[in-house]
Amino acid sequence: MRRTPGYGGPRWDVSGEWGTIVGMALPEVLVHDLQSAGYYPQLTQGILADSLYDEPVLAHFVHIDTHVDIESIHRHVTAFVLTETRLLLAHVDDDPNAEPGSKPRAVTSSEDIELDRLGTVMVGRTFADPAAFEPGDKPVEVSLTMSWGASKRFEAFPETCGDPNCVGDHGYGGSIFAEDVMLRVSAEAEGQAAVDRMTDFAGKLRAAVFHARLRSRR
7 MRRTPGYGGP
17 RWDVSGEWGT
27 IVGMALPEVL
37 VHDLQSAGYY
47 PQLTQGILAD
57 SLYDEPVLAH
67 FVHIDTHVDI
77 ESIHRHVTAF
87 VLTETRLLLA
97 HVDDDPNAEP
107 GSKPRAVTSS
117 EDIELDRLGT
127 VMVGRTFADP
137 AAFEPGDKPV
147 EVSLTMSWGA
157 SKRFEAFPET
167 CGDPNCVGDH
177 GYGGSIFAED
187 VMLRVSAEAE
197 GQAAVDRMTD
207 FAGKLRAAVF
217 HARLRSRR
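For the sequence shown, counting from 1, position 163 maps to 169 in our numbering; every step adds exactly one.
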């Protein structure tokens with residue numbers, strides 16, 4: 007395997023009986039964050055490399071989550087990668103249907119969303135001691151909500167007529183909410199460095215979406 011220069015950073019190529027396969031090499035800082043997450047980093051790298059199509063990486067965030075139940079520990083990692091035109095999501099999860107006693111298996115998924123399709127990019131910040139806030143103070147918790155209509159959540163409830171003694175059936179009402187991705191990172195749980203990385207990624211994502219919307223209106 008050798009690296010060759012190319013648009014968006016170095017590329018890799020592997021020669022074999024099927025010819026030469028060429029793909030994008032990921033930025034070292036992204037590779038480092040995937041390896042630090044410690045959950046099948048090579049697998050996640052491969053998914054992202056297959057999805058970049060020569061676009062340079064502008065920003066990224068790697069989120070690892072762990073769920074513990076009575077019998078086992080379940081982990082999954084999601085890599086968010088921002089390019090000039092898209093937001094890439096690569097997700098790797100434990101296979102819930104693996105046979106007991108068998109080797110672990112992983113389930114992967116990848117999705118790319120055009121930036122002007124992101125209908126919501128909401129950033130929430132929590133600050134300690136707000137009365138003493140000064141410009142430049144860092145938040146201790148950051149949440150990022152992204153919605154692009156890929157999935158929706160429906161909440162139903164029984165309708166009433168307002169009479170507490172009425173036992174009639176008035177049907178059901180409900181609300182539909184877009185619910186795609188929500189992340190929350192706190193200094194207490196993940197450390198201040200993770201909060202800072204999330205803040206940086208969220209800022210770059212919002213700016214990229216803003217400019218993508220402007221271009222689409224011209």
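Glycine is no exception: its CB is placed at the ideal position from the N, C-alpha and C atoms.
Asked	Found
Are the beta-carbon atoms belonging to V87 and V113 less than 8 Å from one another?	no
When the Cα of T205 is compared with those of R131, C172, G168 and P141, which residue comes out closest?	R131
In angstroms with no decimal places, state the Cα-to-Cα distance between G12 and D186.	A caution first: G12 carries a pLDDT of 36, below 50, which makes its placement in the model too unreliable to give a value.
Go ahead and pull the three-state DSSP assignment for T166.	coil
Using 10 angstroms around the beta-carbon of T126, count the other beta-carbons present and answer buried if the total reaches 16, otherwise exposed.	exposed
In angstroms, rounded to a whole number, what distance separates the CA positions of E140 and R111?	48 Å
Might you give, ordered along the chain, the residues of its own chain that have their beta carbon closer than 7 Å to the beta carbon of M152, omitting 5 neighbours on each side?	L124, T126, V127, D186 and V187
Taking the alpha-carbon positions, what's the D60 to E120 distance?	16 Å
By DSSP, does T89 sit in helix, in strand, or in coil?	coil
Where does L94 sit, in a helix, a strand or coil, going by DSSP?	strand
Evaluate H217 with the Cβ neighbour count: other Cβ atoms within 10 Å of its Cβ, from every protein chain shown; 16 or more gives buried, anything less gives exposed.	exposed
The alpha helix (DSSP H) with V127 in it runs from where to where?	Here V127 belongs to no alpha helix (DSSP H); instead the beta strand (DSSP E) covers T126 to T132.
Rounded to whole angstroms, how far is the Cβ of A43 from the Cβ of I79, which I believe are closer than 8 Å?	Contact flag wrong, Cβ pair sits at about 15 Å.
Exposed or buried, what is F133 when buried is set at 16 or more other beta-carbons lying within 10 Å of its beta-carbon?	exposed
Identify every residue that forms a DSSP beta bridge with T205.	DSSP lists no partner for T205.
Kindly identify the DSSP beta-bridge partner or partners of V83.	I70 and V98
How many angstroms separate the CA atom of T91 from the CA atom of S149?	23 Å
For R118, tell me which candidate among D56, D100, G168 and P106 has the shortest Cα-Cα distance.	Residue identity differs from the one stated: residue 118 is Asp in this sequence, not Arg. Among D56, D100, G168 and P106, the Cα nearest to that of D118 belongs to D56.
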